[in-house]
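Trainee:
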C-alpha cells in the first residue's frame with residue numbers, strides 16, 4: 048500500500064511538472080504590451096481589430112505569444128501606473144491606443160519599441176519630429192480628422208446652419224489640433240462658433256445642454272472624453288432637435304448624426320502589421336507613420352436623419368455608409 052501511494056505521488060509530481068512545462072511553453076514567444084486609454088467604441092474597435100490581425104499574422108495569444116492588455120479607464124494616474132508596470136515587464140513591443148496613452152508610453156521607448164494607434168498629430172504630441180523617419184523609437188497610425196469636409200457635410204445637411212457649438216476636452220492634444228482646424232474652417236464658411244471645453248466626462252452633459260440652447264448644431268472631433276459620453280450627448284441634442292457632427296465613424300454608431308472619416312478597423316489592422324514588422328526585426332525608424340487621410344467615407348446615422356428631419360443629398364447617398372441605431376436610452 049505504501050509503495051502504491053509512493054508511485055501515485057511520483058505520478059502526480061510528474062504530471063505537475065508536465066503541466067508546468069506546457070504552461071511555460073505557452074508563454075514562449077514575443078510579449079506584446081497594449082495600453083488602451085478608455086472604453087469607447089473607436090478604441091474598442093482598434094484593439095479588437097489589432098488582436099484579430101495579429102492572429103491572422105500568426106500570433107496566437109497564450110500559445111506562441113503573450114498579449115498584456117491594460118485599460119486605463121480614462122484616468123491619467125492609471126496610465127502612469129500601467130507604464131511603470133510595463134517598465135518592469137520583459138516586453139518586446141508596446142502598443143499605445145490614443146494620444147494621451149502614447150504620450151505617457153513614450154518613456155518606454157528608451158528600451159522598448161512603441162507603436163501608437165489613433166494619434167491625430169504625432170509631431171505636436173511630441174512623439175516624433177518626422178512622420179517619414181520616426182526618430183524616437185516610436186511610430187504608428189494617425190487618425191487625421193477631415194474637419195473641413197465634415198463642416199461642408201454639415202452645411203449640405205443643414206443649409207440654414209449659422210451657429211456651431213464645439214464640445215471637446217481641452218486637455219487632449221488631438222482635440223486642440225482639430226478644434227483649431229474646425230474654427231478656421233468655420234470662419235471661412237461664415238459660421239459663428241461657440242465653444243464648451245470640458246475636463247472630464249462628468250462635464251459633458253452640462254456643456255452639451257448649454258450649447259444645444261444656443262446653437263444650430265454641435266461638432267466634436269475624435270475626442271475620447273466626448274466619445275465615451277456620446278449616448279448622453281445624443282439624448283440632449285436630439286431632444287433639442289439639433290444634429291451633432293463628429294470626428295469618427297464609431298461616434299456615428301453611438302448616435303452622432305454624421306461624419307466623413309476613416310475606418311477604425313483598418314487602422315487597427317495596420318497597427319498590427321507594424322507590430323509584426325518590429326517583431327520580425329525591422330527598425331522603428333524604417334517604419335513611417337501611417338496617416339489615414341485618404342479613401343474617406345461618409346457615415347450617416349439614419350435614425351438621426353429621420354428624427355431631425357434632415358435629407359441626405361443624392362450626391363452623397365450613393366456612397367454613404369448608412370448606420371442604423373435606435374435612440375439612446
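In my numbering, the protein residues as written are 48 to 376.
Just so it is clear, CB atoms sit at the ideal spot from N, CA and C, and this is done for glycine as well.
Nothing here was measured: the structure is a model prediction, and the numbers come from that model.
Three or more beta-carbon pairs under 8 Å between the region 89–109 and the region 168–176, yes or no?
Mentor: No, the region 89–109 does not touch the region 168–176.
Trainee: Put residue 118 into one of helix, strand or coil per three-state DSSP.
Mentor: Residue 118: strand per DSSP, three-state reduction.
Trainee: Is it the case that the Cβ atoms of residue 295 and residue 274 are separated by a distance below 8 Å?
Mentor: Cβ atoms of residue 295 and residue 274: closer than 8 Å.
Trainee: Could you check what DSSP says for residue 300 in three-state terms: helix, strand or coil?
Mentor: Of the three classes helix, strand and coil, the one that applies to residue 300 here is helix, per DSSP.
Trainee: Indicate the three-state DSSP secondary structure (helix, strand or coil) for residue 293 in the structure shown.
Mentor: If DSSP states are grouped into helix, strand and coil, residue 293 belongs with the strands.
Trainee: Please determine if the region 78–87 and the region 144–153 are in contact, where contact requires at least 3 C-beta pairs separated by less than 8 Å.
Mentor: Verdict: yes, contact present.
Trainee: Buried or exposed: residue 356, going by 16 or more other Cβ atoms within 10 Å of its Cβ?
Mentor: Its Cβ having fewer than 16 others within 10 Å, residue 356 is exposed.
Trainee: If you drop the 5 nearest sequence neighbours on each side, which residues of the same chain put their C-beta closer than 6 Å to that of residue 248?
Mentor: Here the set comprises 272, 275 and 276.
Trainee: Where DSSP assigns a beta bridge to residue 113, which residues make up the other side?
Mentor: Paired residue(s): 78.
Trainee: Distance, Cα to Cα, residue 66 vs residue 186?
Mentor: With a pLDDT of 42 at residue 66, under the threshold of 50, the modelled position of this residue cannot be trusted, and the question is left open.
Trainee: Would you tell me roughly how many angstroms separate the C-alpha atoms of residue 284 and residue 256, rounded to the nearest one?
Mentor: Cα to Cα, residue 284 sits roughly 8 Å from residue 256.
Trainee: If you follow the alpha helix (DSSP H) that residue 252 is part of, which residue opens it and which one closes it?
Mentor: 251–261 is the span of the alpha helix (DSSP H), which, as asked, contains residue 252.
Trainee: Using a threshold of 8 Å, state whether the C-beta atoms of residue 338 and residue 160 are closer than that.
Mentor: No, the pair does not count as a contact, with Cβ atoms beyond the cut-off.
Trainee: Tell me whether residue 178 sits in a helix, a strand or coil according to DSSP, three-state version.
Mentor: Here residue 178 sits in coil by DSSP.
Trainee: Which of the three DSSP states is assigned to residue 242 in this structure?
Mentor: The answer is strand: DSSP assigns residue 242 an E or B state.
Trainee: In whole angstroms, what separates the C-alpha of residue 184 from that of residue 140?
Mentor: Taking the straight line from one Cα to the other gives about 10 Å.
Trainee: Tell me the rounded alpha-carbon separation between residue 157 and residue 151.
Mentor: Answer to the nearest angstrom: the Cα atoms are 13 Å apart.
Trainee: Mind reading off the beta-carbon distance from residue 114 to residue 98? Whole number of angstroms is fine, and I expect it under 8 Å.
Mentor: Indeed they touch by this definition, with Cβ atoms about 7 Å apart.
Trainee: So, is residue 223 buried or exposed, given that buried needs 16 or more other C-beta atoms within 10 angstroms?
Mentor: When all chains shown are included, residue 223 counts as buried.
Trainee: By the DSSP assignment, the alpha helix (DSSP H) with residue 133 in it spans what residues?
Mentor: It spans 123–135 - the alpha helix (DSSP H) in which residue 133 sits, taken as one unbroken run.
Trainee: For the alpha helix (DSSP H) that residue 315 lies in, which residues bound it at each end?
Mentor: First-last of the alpha helix (DSSP H) with residue 315: 311–326.
Trainee: Excluding five sequence neighbours on each side, which residues of the same chain lie with their C-beta closer than 7 Å to the C-beta of residue 288?
Mentor: Answer for residue 288: 355, listed in chain order.
Trainee: Consult DSSP for residue 97 and reduce its assignment to one of helix, strand or coil.
Mentor: Residue 97 falls in the helix class under three-state DSSP.
Trainee: Taking all protein chains shown into account, do 16 or more other C-beta atoms lie within 10 angstroms of the C-beta of residue 110, making it buried, or fewer, making it exposed?
Mentor: Exposed: under 16 other Cβ atoms inside 10 Å.
Trainee: Could you tell me which of 251, 210 and 216 sits nearest to residue 233, measuring between CA atoms?
Mentor: Of 251, 210 and 216, the residue nearest in Cα terms is 210.
Trainee: In the DSSP assignment, find the alpha helix (DSSP H) that holds residue 198 and state where it starts and stops.
Mentor: Here the alpha helix (DSSP H) through residue 198 covers 194–204.
Trainee: Below 7 Å CB to CB, which residues in the same chain sit around residue 48 once its five sequence neighbours on both sides are set aside?
Mentor: With a pLDDT of only 47 at residue 48, under 50, the local geometry of the prediction cannot be trusted, and the value read off the model is given with reservation. There are no such residues.
Trainee: Got a sec? Which residues, its chain only, sit under 6 Å from residue 192 by beta carbon, not counting five neighbours each side?
Mentor: Excluding sequence neighbours, residue 192 sits near 225, 268, 269 and 294.
Trainee: Report the rounded CA-to-CA distance for residue 302 versus residue 180, giving the unit in angstroms.
Mentor: In a straight line, the C-alpha of residue 302 is about 38 Å away from that of residue 180.
Trainee: Shortest alpha-carbon distance to residue 215 belongs to which of 221, 199, 196 and 244?
Mentor: The option with the nearest alpha carbon to residue 215 is 244.
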